[in-house]
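Chemist: As you go down the protein sequences, you meet chains U and F in turn. Mapping the first sequence onto our numbering, position 295 (from 1) lands on 341, and the numbers just tick up by one. Mapping the second sequence onto our numbering, position 76 (from 1) lands on 668, and the numbers just tick up by one. Ideal Cβ placement from N, Cα and C applies to all residues, glycine included. Sharing a structure below in structure tokens format, with a few things to ask.
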Amino acid sequence: MTQIYPIGGGKGGVGKSFITVNLGALLAKWGKKVVLIDLDLGGSNLHTLLGINHQKGGINRFLNKTVKNLENTAVSTLIQNLSFIGSSLCSMEVANLLHAHKLKIINAIQKLSFDYILLDLGTGTNFNTLDFFLTSNQGIFICTPEPTAIENSFRFIKAVYLRKLKQIVKRHSFNSAVKKAIIPPNPEAMTSPDIIEIMLKHDPDREKFLRNSLSEFKFKFILNQFRKNLDLTMGDKIEDLCNRHFYSNFQFLGNVGYDVRIHDSVLSKEIFIHRYPYTPPAMDMKKIAEKIINNRPWNH
Amino acid sequence: MKNLDELTYYEILKIPINSSSFEIKRAYKDALSTYNENSLVTYSLFSNEERDKILKTIKEAFLTLIDENKRTAYDSILVDSGQIKVSIASIENQEKPPRAHTYNMTDNDDSAERVKKKLRKKELETLCNEIFSNGLISGDDLKKMRKTAGIELSEINVVTKISVSVLKSMEENRIESLPPGLYLKNFLRLYAETLQIDPQKVIDGYLKHISSAQKK
Numbered sequence: 047m048t049q050i051y052p053i054g055g056g057k058g059g060v061g062k063s064f065i066t067v068n069l070g071a072l073l074a075k076w077g078k079k080v081v082l083i084d085l086d087l088g089g090s091n092l093h094t095l096l097g098i099n100h101q102k103g104g105i106n107r108f109l110n111k112t113v114k115n116l117e118n119t120a121v122s123t124l125i126q127n128l129s130f131i132g133s134s135l136c137s138m139e140v141a142n143l144l145h146a147h148k149l150k151i152i153n154a155i156q157k158l159s160f161d162y163i164l165l166d167l168g169t170g171t172n173f174n175t176l177d178f179f180l181t182s183n184q185g186i187f188i189c190t191p192e193p194t195a196i197e198n199s200f201r202f203i204k205a206v207y208l209r210k211l212k213q214i215v216k217r218h219s220f221n222s223a224v225k226k227a228i229i230p231p232n233p234e235a236m237t238s239p240d241i242i243e244i245m246l247k248h249d250p251d252r253e254k255f256l257r258n259s260l261s262e263f264k265f266k267f268i269l270n271q272f273r274k275n276l277d278l279t280m281g282d283k284i285e286d287l288c289n290r291h292f293y294s295n296f297q298f299l300g301n302v303g304y305d306v307r308i309h310d311s312v313l314s315k316e317i318f319i320h321r322y323p324y325t326p327p328a329m330d331m332k333k334i335a336e337k338i339i340n341n342r343p344w345n346h
Numbered sequence: 593m594k595n596l597d598e599l600t601y602y603e604i605l606k607i608p609i610n611s612s613s614f615e616i617k618r619a620y621k622d623a624l625s626t627y628n629e630n631s632l633v634t635y636s637l638f639s640n641e642e643r644d645k646i647l648k649t650i651k652e653a654f655l656t657l658i659d660e661n662k663r664t665a666y667d668s669i670l671v672d673s674g675q676i677k678v679s680i681a682s683i684e685n686q687e688k689p690p691r692a693h694t695y696n697m698t699d700n701d702d703s704a705e706r707v708k709k710k711l712r713k714k715e716l717e718t719l720c721n722e723i724f725s726n727g728l729i730s731g732d733d734l735k736k737m738r739k740t741a742g743i744e745l746s747e748i749n750v751v752t753k754i755s756v757s758v759l760k761s762m763e764e765n766r767i768e769s770l771p772p773g774l775y776l777k778n779f780l781r782l783y784a785e786t787l788q789i790d791p792q793k794v795i796d797g798y799l800k801h802i803s804s805a806q807k808k
């Protein structure tokens with residue numbers, strides 16, 4: 047069964063692309079068929095981390111219909127079983143993706159036949175990023191143990207949440223008052239509690255359905271650039287806290303240690319776990335990859 | 593976002609219903625460390641009103657469970673509403689865990705806040721600058737600063753858990769009854785932090801004063 051993992055997280059520079067590449071490489075080493083897709087449209091650089099210099103095109107060829115099947119735009123990498131679909135050759139205006147194109151990409155991704163599909167997403171909480179994150183019923187967000195990153199992560203979770211909530215209301219039958227609440231332009235910005243409140247008022251029977259639909263989504267997260275002197279229970283605390291205060295399911299995958307050699311691997315354009323396989327961050331990511339492999343969807 | 597309204601006090605503090613007062617205190621401390629305004633893990637997760645409400649609920653849970661009478665009353669409400677089973681509650685009532693050492697723990701939280709509020713005096717700053725400029729800080733200086741801050745020894749005791757007799761020894765320069773070096777440093781730090789004055793300067797100044805007094 048194909049597993050799609052969008053990898054996001056509100057803040058820039060927390061290591062989304064770095065973790066995507068290394069996790070992908072680790073999963074491939076376990077003999078899984080893996081594809082990495084660079085969906086940081088307008089900010090692509092997954093190819094650089096992978097050390098791919100000459101690209102023949104990626105998503106752009108799929109969008110301009112030179113290639114009919116997204117799968118055919120995937121290129122092999124230095125690592126066996128690890129394929130890559132880039133977006134660096136897309137137009138300079140690709141960051142403002144047409145809605146139809148976005149749906150086309152999402153549909154195509156859901157049809158790819160790989161064991162693991164990792165989507166590297168961009169910074170921030172624009173609709174493209176949120177919708178790509180909701181391609182699957184699970185996603186990984188990367189955070190670092192700093193107030194700035196934590197702030198952006200919570201914002202990202204809340205934004206994903208609101209988007210998901212609206213998606214559910216849009217796709218299923220609800221009372222007209224609830225439906226109206228999600229149609230733009232709203233007089234005031236609607237928050238998730240607002241929508242839930244409207245629903246409790248006008249459509250109380252559907253509350254359980256909504257809760258269940260929200261709880262189907264599984265957030266997983268990684269704390270990156272984790273330094274030695276920090277509170278090791280931080281990840282567990284965040285997991286506990288989020289499970290307590292959100293309706294969705296949260297799982298902490300682990301810390302990835304801070305290491306100056308990560309910078310060296312980026313400079314040399316070599317995959318970190320290849321260049322430094324026995325360093326703490328590599329071991330940390332190995333554990334996380336094992337956790338992902340053992341994470342059967344029916345185990346929840 | 594879910595708040596804590598649907599949870600029982602035990603669930604709020606994440607403890608089993610037969611917890612001892614020691615466990616309750618520890619759980620309360622943990623909860624405060626997660627939800628306080630300087631906590632990294634909840635940074636920006638809640639609005640100020642949401643956070644205040646959560647902290648109020650946690651405090652209410654703690655004050656109810658730590659008080660034997662209130663806890664019994666609360667347990668019987670839970671039993672009546674079917675949220676806990678009678679058998680477990682009655683076992684809990686028969687076998688009370690020994691009470692942990694406590695000095696008016698229920699008021700502890702308020703005292704910390706009260707002490708904080710009493711501060712913010714300009715005088716203290718001027719006095720401190722004067723004392724710090726000497727380099728040496730004697731026990732009398734400590735006492736002067738504390739008095740200017742308007743803090744009682746017993747209040748420092750409540751906040752820092754340092755016993756009043758040790759605090760007195762510090763203020764009265766009774767070198768022979770002072771704790772060994774590392775402890776003393778720590779006590780001085782806590783003392784200074786309670787008065788919200790520079791701990792390093794207090795530690796350095798006081799230790800210098802002691803060593804010069806010993807030489808004489």
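With a threshold of 8 Å between beta carbons, is M737(F) in contact with chain U?
Modeler: By this cut-off, M737(F) is not an interface position.
Chemist: Count Cβ pairs between the segment 71 to 88 of chain U and the segment 323 to 342 of chain U that sit closer than 8 Å; are there 3 or more?
Modeler: In short, these stretches touch, since the Cβ pair count reaches three.
Chemist: Given that a residue counts as buried once 16 or more other Cβ atoms are within 10 Å of its Cβ, and exposed if not, what is S725(F)?
Modeler: Classification for S725(F): exposed.
Chemist: For V215(U), name the three-state secondary structure that DSSP assigns.
Modeler: DSSP places V215(U) in helix when its eight states are reduced to three.
Chemist: Out of curiosity, what's the CA-to-CA distance linking L95(U) and S122(U)?
Modeler: Using only the alpha carbons, I get a separation of about 14 Å.
Chemist: Give the DSSP bridge partners of Q297(U), in chain order.
Modeler: The partner list for Q297(U) (beta bridge, DSSP) reads K266(U).
Chemist: Taking the beta strand (DSSP E) that P191(U) belongs to, which residues open and close that run?
Modeler: Counting along the chain, P191(U) falls outside any beta strand (DSSP E), and DSSP gives it neither H nor E.
Chemist: Within 10 Å of its beta-carbon, does D177(U) have 16 or more other beta-carbons around it, so buried, or fewer, so exposed?
Modeler: Buried, because 16 or more other Cβ atoms sit within 10 Å of the Cβ of D177(U).
Chemist: Check the Cβ-Cβ distances between V293(U) and every residue of chain F, and say whether any is below 8 Å.
Modeler: Before going further, note that residue 293(U) is Tyr rather than Val in the sequence given. For Y293(U), the answer is yes, since a Cβ of chain F falls inside 8 Å of its Cβ.
Chemist: Does I214(U) have its Cβ less than 8 Å from a Cβ in chain F?
Modeler: No, I214(U) does not count as interfacial toward chain F.
Chemist: Buried or exposed: which applies to L637(F), given that a residue is buried once 16 or more other Cβ atoms fall within 10 Å of its Cβ?
Modeler: Its Cβ being crowded by 16 or more others within 10 Å, L637(F) is buried.
Chemist: In terms of residue numbering, what span does the beta strand (DSSP E) encompassing N220(U) cover?
Modeler: The displayed chain sequence assigns Phe, not Asn, to residue 220(U). Here F220(U) belongs to no beta strand (DSSP E), and DSSP marks it neither H nor E.
Chemist: For the segment 81 to 157 of chain U, list the alpha helix (DSSP H) runs that are entirely contained and at least 4 residues long, ordered along the chain.
Modeler: Those alpha helix (DSSP H) runs which fall completely within the segment 81 to 157 of chain U and span 4+ residues are 92 to 96, 105 to 109, 145 to 157.
Chemist: For the segment 622 to 652 of chain F, which residues have a CB atom closer than 7 Å to at least one CB atom of chain U, in sequence order?
Modeler: Within the segment 622 to 652 of chain F, the qualifying residues are T626, L632, V633, T634, Y635, S636, L637.
Chemist: Could you spell out the range, first to last residue, of the alpha helix (DSSP H) harbouring D161(U)?
Modeler: Per DSSP, D161(U) belongs to no alpha helix (DSSP H) and is neither H nor E.
Chemist: D35(U) and P327(U): beta carbons closer than 8 Å?
Modeler: Nothing about residue 35(U) can be read from this structure; chain U reaches only from 47 to 346.
Chemist: Does I224(U) come out as helix, strand or coil in the three-state DSSP assignment?
Modeler: The question names Ile, but residue 224(U) is Val in the sequence shown. In the structure shown, V224(U) sits in a helix (DSSP, three-state: H, G or I).
Chemist: Does the segment 185 to 195 of chain U come close enough to the segment 236 to 250 of chain U to have 3 or more Cβ pairs within less than 8 Å?
Modeler: No: fewer than three Cβ pairs fall under 8 Å.
Chemist: Below 8 Å between beta carbons: does that hold for L716(F) and T740(F)?
Modeler: For L716(F) and T740(F), yes; Cβs fall inside 8 Å.
Chemist: Between V81(U), E117(U), S222(U), which lies nearest to M245(U) when the distance is taken from Cα to Cα?
Modeler: Here the closest residue by C-alpha is S222(U).
Chemist: Under the rule that 16 or more other beta-carbon atoms within 10 Å means buried, what is T112(U), buried or exposed?
Modeler: Exposed, because fewer than 16 other Cβ atoms sit within 10 Å of the Cβ of T112(U).
Chemist: Measuring straight from C-alpha to C-alpha, what distance separates N118(U) and G104(U)?
Modeler: Each residue's alpha carbon lies about 9 Å from the other.
Chemist: Would you verify that the beta carbon of I241(U) is, or is not, closer than 8 Å to some beta carbon of chain F?
Modeler: Output row for I241(U): interface = no.
Chemist: Count the other CB atoms within 10 Å of the CB of F64(U); is the residue buried (16 or more) or exposed (fewer)?
Modeler: Buried, because 16 or more other Cβ atoms sit within 10 Å of the Cβ of F64(U).
Chemist: Shorter than 7 Å, the distance from the beta carbon of G58(U) to the closest heavy atom of the ligand FAD, or not?
Modeler: In the structure shown, the ligand FAD is absent, as is every other ligand, since no ligand is present at all.
Chemist: Taking buried to mean at least 16 other C-beta atoms within 10 Å of its own C-beta, is R738(F) buried or exposed?
Modeler: Result: buried.
Chemist: Kindly list, in the order they appear in chain U, the residues whose Cβ is closer than 9 Å to that of K594(F).
Modeler: Under the 9 Å cutoff, chain U gives R290, H291, F292, Y293.
Chemist: Residues of chain F with a CB under 8 Å from the CB of L287(U): which are they?
Modeler: Ordered by position in chain F, the residues that pass the 8 Å Cβ test against L287(U) are T626, V633, T634, L637.
Chemist: My understanding is that N428(U) touches I339(U), with C-beta atoms under 8 Å, so please give their C-beta distance in whole angstroms.
Modeler: Lying before the first or after the last residue shown, residue 428(U) is absent from chain U, which here runs from 47 to 346.
Chemist: Nearest to D282(U) by alpha carbon, out of M329(U), N301(U), L128(U)?
Modeler: The option with the nearest alpha carbon to D282(U) is N301(U).
Chemist: Please report the residue range of the alpha helix (DSSP H) in which P239(U) lies.
Modeler: 238 to 248 is the span of the alpha helix (DSSP H), which, as asked, contains P239(U).
Chemist: State yes or no: is the C-beta of I729(F) within less than 8 Å of the C-beta of V794(F)?
Modeler: Closer than 8 Å, so yes.
Chemist: Evaluate V206(U) with the Cβ neighbour count: other Cβ atoms within 10 Å of its Cβ, from every protein chain shown; 16 or more gives buried, anything less gives exposed.
Modeler: Burial call: buried.
Chemist: Going by alpha carbons, who is nearest to S625(F) out of I284(U), Q297(U), S311(U)?
Modeler: Checked all of I284(U), Q297(U), S311(U); the closest Cα to S625(F) is I284(U).
Chemist: Sorted by chain position, which residues of the same chain lie with C-beta nearer than 6 Å to G168(U)'s C-beta, five sequence neighbours on each side aside?
Modeler: For G168(U), where only same-chain residues beyond five positions count, the Cβ hits under 6 Å are D86, G89, T175.
Chemist: Indicate whether L734(F) and Y783(F) have their beta-carbon atoms separated by less than 8 Å.
Modeler: The answer is yes: Cβ separation under 8 Å.
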